[in-house]
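Data block below; observations after.
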């Protein structure tokens, strides 16, 4: 995977402050350095970066091609760390931030998949702004070794078995594009992006005019020769990635093999210069070669921005808005605040840290769901359900879409033993085949709560007890179990990532087939709570009673039988001749546990006053000018307020009603398109 780190998302939002001043380049008190061309702030950055690179020796240049770039004292160049992570808050992944100084925590927002379920771009922007402030404050305090934080992961969540789907905004390209702008992009199944010069140089640098830097994923360059055998020698791998347009290697491979590539005349030094020009240009744009940072913009934000009350409130709000209500038979939810006795079952209910999600740092505070629920119901009985827990981790994918181990058995057992319907809360990073729950009257409610961040426990409780009206929608399709075929992994010694937990798994990173719950009357409600971030306990309380849920699924939840589709086949479109069903809601028309965009509320919400132009006559000359406005009103028929804003947007037929042909060119076809608003289809006739 290649990281395209856009300065717009984070680095230009960072602000400076704090009592401890970090060292800086181009110190005016250093007469040997201050008059050099690259220190002259009145010159264009391109000219300054070119001057700096020209003054470095070959060994010094090579030292700057890796994530932990060392200092070059003779030029006044400071050490710089490129590997810093901020997927949903400042993380302690990588060497850039350790939380071992005076700063011990940072605000942990919900995992990306849950944040995406709010379908609220302005909320995403506010989260990025908060993370940017905290990141710059950490740098200013001397507790972050760089200012370019990696985020987000915008790979499309194509396969429900993928172990890292929780890090993405879901399966829809439009939603993903809105979430990220352009920071990362998906892979080409044939040629590694690290070696794809047509994409990195012609498209990204040329057509997109990208001004940031391009980094490899950590240790990815080594794979080209050492694992994949794509390059015949280590030096060839170095040549491939630098000529393709990569700038910095997360890892040490370029440090170890670039000089020999130059000495063997496989790599011209100009390719190194090109990469360093991009890297130093970024550092100059951040003001790192402009002299004393206390005299620069963004110099007034200190550590009071970290874990600030405003950021705590935002973390709670984001967790509330992302949780998705999947089932609510006989309006089991919200539970009345007069509830006298509550039984909570499952180890994750009392484990706030494991539900933060991956790529996270220590949260400012975190309340487990059990604690939040106890604040509503004094007599709360808790049982973990089992004693053994197995963990899932980044390198692993899922062998099926079912709940792991004996969780299915536990849910049915609990539902059978109770006199009233139960509420099932699903904590996962994506789809689960829970088909058994959908028609079971014993399962009256289902909530998907994802990985909710530090505010998630409180958010979940607020929704369950009517302090928040859920409005989340699924950002991914929930497929049935037989959608995905991972049988190819069973005897492959290179694949060690298929885990099976005897009882519980602490982190489900994708959809789960919980079809058995949907029609079971004993399961009266289902909430997907995801990874909600640090406020998770109090959020859970709010969801149970005080909050009207509004989240929507960002991915389709497929039934377990979706596993017949090979994980190694990532084609999006269906192919009837081979029974290939296609992927994501755009192409897959088979059975689903829950569909993309699905989500209920504590109150009935309908769309009304949909207004738009029915016919658009287009020609090549007027295509770009012929836009029309669509207005969608939203009405809440219940007594509990919720969030689903009135929508008005502009449709450009050339942009929104066209498609790319096999040559990558935009084409438009005459015919009828449909605007989907809620359960209604509104035709738009296109005449060319």
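Numbering (the UniProt record's numbering), first residue to last: 1 to 688.
All residues carry an ideal CB built from backbone N, CA and C; glycine is no exception.
So what's residue i in DSSP terms, helix, strand or just coil?
| i | result |
| --- | --- |
| residue 124 | helix |
| residue 479 | coil |
| residue 345 | strand |
| residue 595 | coil |
| residue 322 | helix |
| residue 227 | coil |
| residue 538 | Note that residue 538 has pLDDT 45, beneath the 50 cutoff, so the model's placement of it is unreliable and the number below is only indicative. Residue 538: helix per DSSP, three-state reduction. |
| residue 275 | helix |
| residue 115 | helix |
| residue 690 | The structure shown does not extend to residue 690, since the chain is modelled only from 1 through 688, so no value can be given for it. |
| residue 490 | Here residue 490 scores only 49 on pLDDT, less than 50, and its place in the model is too uncertain to base an answer on. |
| residue 604 | coil |
| residue 241 | helix |
| residue 97 | coil |
| residue 631 | strand |
| residue 81 | strand |
Please report the straight-line C-alpha distance between residue i and residue j, rounded to a whole angstrom.
| i | j | result |
| --- | --- | --- |
| residue 230 | residue 219 | 15 Å |
| residue 59 | residue 125 | 41 Å |
| residue 376 | residue 84 | 39 Å |
| residue 301 | residue 138 | 10 Å |
| residue 295 | residue 150 | 27 Å |
| residue 214 | residue 247 | 5 Å |
| residue 129 | residue 555 | 25 Å |
| residue 436 | residue 553 | 19 Å |
| residue 691 | residue 400 | The structure shown has nothing for residue 691, since the chain only spans 1 to 688. |
| residue 253 | residue 163 | 26 Å |
| residue 334 | residue 468 | 9 Å |
| residue 42 | residue 281 | 14 Å |
| residue 225 | residue 203 | 26 Å |
| residue 462 | residue 431 | 23 Å |
| residue 464 | residue 328 | 11 Å |
| residue 382 | residue 519 | 26 Å |
| residue 336 | residue 631 | 37 Å |
| residue 144 | residue 320 | 30 Å |
Within 10 angstroms of its Cβ, does residue i collect 16 or more other Cβ (buried), or is it exposed?
| i | result |
| --- | --- |
| residue 174 | exposed |
| residue 397 | buried |
| residue 697 | Outside the displayed span of the chain (1 to 688) sits residue 697, for which this structure offers no information. |
| residue 172 | buried |
| residue 727 | Because the chain in this structure spans residues 1 to 688, residue 727 falls outside the shown range and cannot be described. |
| residue 330 | exposed |
| residue 588 | buried |
| residue 660 | exposed |
| residue 147 | buried |
| residue 184 | Here the model assigns residue 184 a pLDDT of 39, short of 50, so the residue's position is not dependable, and the following value carries that caveat. So residue 184 ends up on the buried side. |
| residue 490 | Note that residue 490 has pLDDT 49, beneath the 50 cutoff, so the model's placement of it is unreliable and the number below is only indicative. Exposed, since its Cβ has fewer than 16 Cβ neighbours within 10 Å. |
| residue 548 | buried |
Quick one: give me the first and last residue of the alpha helix (DSSP H) that residue i is part of.
| i | result |
| --- | --- |
| residue 258 | 253-263 |
| residue 413 | 407-417 |
| residue 656 | 653-656 |
| residue 48 | 45-54 |
| residue 58 | 58-63 |
| residue 177 | 173-180 |
| residue 584 | 584-587 |
| residue 371 | 369-374 |
| residue 31 | 31-34 |
Grab the span of the beta strand (DSSP E) containing residue i for me, first residue to last.
| i | result |
| --- | --- |
| residue 442 | 442-455 |
| residue 436 | 432-439 |
| residue 381 | 379-383 |
| residue 422 | 422-426 |
| residue 467 | 465-468 |
| residue 556 | 555-557 |
| residue 677 | 671-677 |
| residue 471 | 471-473 |
Would you mind working out which of the options sits nearest residue i, comparing C-alpha positions?
| i | options | result |
| --- | --- | --- |
| residue 677 | 605, 638 and 168 | 605 |
| residue 209 | 215, 216, 199 and 217 | 199 |
| residue 346 | 308, 292 and 403 | 403 |
| residue 654 | 252, 667 and 95 | 667 |
| residue 568 | 69, 119 and 483 | 483 |
| residue 582 | 52, 158 and 136 | 158 |
| residue 452 | 327, 357, 303 and 142 | 357 |
| residue 69 | 309, 473 and 95 | 95 |
| residue 274 | 289, 260, 460 and 241 | 241 |
| residue 127 | 663, 80 and 315 | 315 |
| residue 706 | 40, 71 and 303 | What is shown of the chain runs 1 to 688, which leaves residue 706 out entirely. |
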